[in-house]
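The structure appears right after this line, and notes come after that.
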Amino acid sequence: MIPVKICGITNKEDALAAARSGAAALGFIFYPHSTRYITPEDARKITKILPRHVVRVGVFVNENAGEVKRIIRYCDLDFVQLHGDETVGYCHDFPPERTIKAMNLQNRVDLTKALQYNVAAILVDRRTRGLYGGTGKKANWDLALQIKNKKPLILSGGLNEDNVAEALARVAPDALDINSGVEMEPGKKDHNKIARIFGIVHSLDLKAGNFRPIFIKR
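Going by our numbering, the sequence shown opens with residue 3, and the numbers climb by one from there.
Encoded structure:
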């Protein structure tokens with residue numbers, strides 16, 4: 003099955019439900035302005051009880067690099083996901099094989115910029131004014147497909163049970179990142195939606211050889 007990351011985890015019940023359904027990775031958002039913000043202290047409590055095979059991803063937006071590293075150590079995170087306006091130079095502070103860079107692709111200029119990052123994967127999302135992610139808006143699939151041809155691709159942006167099969171057919175990413183599409187409200191997951199979307203992904207029977215591995219445990 004294609005790896006799926008469930009992002010915006012704020013409580014242990016949602017984390018364990020996602021893990022039981024087959025999530026390869028969980029995302030914890032350490033951006034105080036997000037409606038899905040979680041404190042490092044609460045995230046640490048969750049990461050300690052997760053099954054060992056589940057990859058822990060810390061999501062940061064324009065945070066001081068030293069603070070990012072502190073939270074990575076404190077919460078025992080496997081990956082850092084940089085979801086803001088972080089530069090190529092900023093990303094050099096982190097191991098490329100453990101770094102995901104989120105990009106809002108609107109045109110070919112954005113595409114060219116994304117390809118400059120030396121990271122484990124590019125995550126293509128949809129940004130709206132004042133919001134860096136979790137908008138429920140569909141990403142630009144055509145530009146995402148061009149990323150896939152050059153670098154490992156994680157597709158995000160408004161994915162839900164109604165469009166995930168089409169996204170996989172059209173873009174064929176290396177992994178999926180799902181947030182608002184499995185929520186009851188921001189920060190609270192709907193466990194039935196989680197189960198249904200994993201059921202859809204399972205039913206497509208995508209073979210492991212069709213995608214490049216990204217979520218590898220430390």
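Idealized CB from N, CA, C, for every residue including glycine.
Counting along the chain, where does the alpha helix (DSSP H) carrying residue i start and finish?
i      : result
ILE149 : 143 to 150
PHE200 : 193 to 206
VAL70  : 67 to 77
VAL90  : 90 to 93
ALA167 : 166 to 173
Considering only C-alpha positions, which residue in the set the options is nearest to residue i?
i      : options                        : result
GLU187 : THR37, LEU28, PRO5, VAL90      : THR37
ARG19  : ASP192, MET3, PHE217           : A quick correction: the sequence has Ala, not Arg, at residue 19. With distances taken between Cα atoms, ALA19 lies closest to ASP192.
ASN194 : ILE218, SER23, ILE4            : SER23
LYS153 : ARG214, ARG220, ALA21          : ARG214
ASP127 : LEU155, VAL57, HIS35           : LEU155
HIS55  : SER158, HIS94, ASP112, ASP80   : ASP80
PRO53  : LYS14, ARG75, ILE73            : LYS14
LEU107 : THR101, HIS35, ASN151, GLY159  : GLY159
GLU65  : GLU99, TYR92, ILE40, ARG198    : TYR92
ASN41  : GLY189, ALA197, PRO175, LEU178 : A small correction: the amino acid at residue 41 is Thr; Asn does not occupy that position in the sequence shown. Nearest C-alpha to THR41: GLY189.
ILE73  : PHE30, MET105, ILE102          : PHE30
TYR76  : ILE48, ILE124, LEU145, LEU161  : ILE48
Within the same chain, show all residues whose beta-carbon is closer than 7 Å to that of residue i, passing over the 5 residues directly before and after it, in chain order.
i      : result
PHE96  : VAL82
VAL203 : MET3, ILE4, VAL6, VAL166
VAL90  : GLN118, TYR119
GLU99  : ALA122
THR12  : ARG38, ILE40, GLY189
Within a Cβ cutoff of 6 Å, which residues of the same chain sit near residue i, ignoring the five residues on either side of it in sequence?
i      : result
GLU168 : none
ASP16  : LYS191
In terms of residues, what are the limits of the beta strand (DSSP E) holding residue i?
i      : result
LYS7   : 6 to 8
ARG58  : 57 to 62
LYS103 : 101 to 106
LEU157 : 155 to 157
LEU84  : 81 to 84
ASP127 : 123 to 127
ASP179 : 177 to 180
Looking only at its chain, what residues have a beta carbon closer than 8 Å to the beta carbon of residue i, apart from the 5 residues adjacent to it on each side?
i      : result
ARG172 : TRP143, LEU147
GLU185 : GLY10, LYS191, ASP192, LYS195
LYS150 : VAL173, ALA174, PRO175, ASP176
*Ranges of the beta strand (DSSP E) found wholly within the region 22 to 52, counting only runs of at least 3*: 27 to 31
At a cut of 8 Å, does the region 84 to 92 reach the region 6 to 22 through at least three beta carbon pairs? Short answer: they don't touch.
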